[in-house]
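A short write-up of the structure that comes next.
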Amino acid sequence: MRLPAPATWLAAALGGSGVLHLVRPRTYEWLVPPELGDARAWVLGSGVAEVAAAALLSAPPTRRAGGWAAAGLLASFLPAHLHHVRIARGNPALLAAATVRLPLQGPMIAAALRVARGR
């Protein structure tokens, strides 16, 4: 069985995550570093950006632009992932989730860059 192309699974992941950000923002607010200010605004903004990137990835004429958008968006999540690690100290379950999320960004960004470069 062949795995879906990177554009397909990135669109599904970003689209699904974006919808969750918009429907249940409170679920994600604790991940926003307090130094960034209003967590609700960041969560809703990132949800809109994820849905937009997914839409770009879904259509062949805009797929490369979607790859660039997805790569930039995924890279911009680094402060939230680092904050997750920072607040997870002393909580093994949170630390386990943080240690899985952070390294996954690398392959996801690489996949988005492959799409952006038309590969």
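The sequence shown lines up with residues 91 to 209 when you count with this note's numbering.
Backbone N, C-alpha and C fix where the C-beta goes; we use that ideal spot for every residue, glycine too.
Report back the beta-carbon spacing between residue i and residue j to the nearest angstrom; my notes put them in contact at under 8 Å.
| i | j | result |
| --- | --- | --- |
| Val122 | Ala170 | 6 Å |
| Ala145 | Ala160 | With 8 Å as the limit, Ala145 and Ala160 do not qualify as a contact, their Cβ atoms being about 11 Å apart. |
Going by the CB atoms, is the gap between residue j and residue i shorter than 8 Å?
| i | j | result |
| --- | --- | --- |
| Leu134 | Pro151 | no |
| Gly162 | Val141 | no |
| Leu164 | Ala102 | no |
| Ala154 | Ala206 | Per the sequence shown, residue 154 should be read as Arg rather than Ala. It is a contact, given that the beta carbons lie within the stated cut-off. |
| Arg204 | Pro96 | yes |
| Thr117 | Leu126 | no |
| Leu172 | Ala178 | no |
Report the rounded CA-to-CA distance for residue i versus residue j, giving the unit in angstroms.
| i | j | result |
| --- | --- | --- |
| Thr98 | Asp128 | 32 Å |
| Arg167 | Gly208 | First, the residue type needs correcting, since residue 167 is Phe and not Arg in the sequence shown. Distance between the alpha carbons of Phe167 and Gly208: 23 Å. |
| Trp158 | Thr189 | 25 Å |
| Val138 | Asn181 | 31 Å |
The alpha helix (DSSP H) spanning residue i covers which residue range?
| i | result |
| --- | --- |
| Arg154 | 153-166 |
| Arg116 | 116-119 |
| Glu125 | Premise fails: Glu125 is in no alpha helix (DSSP H) and is neither H nor E. |
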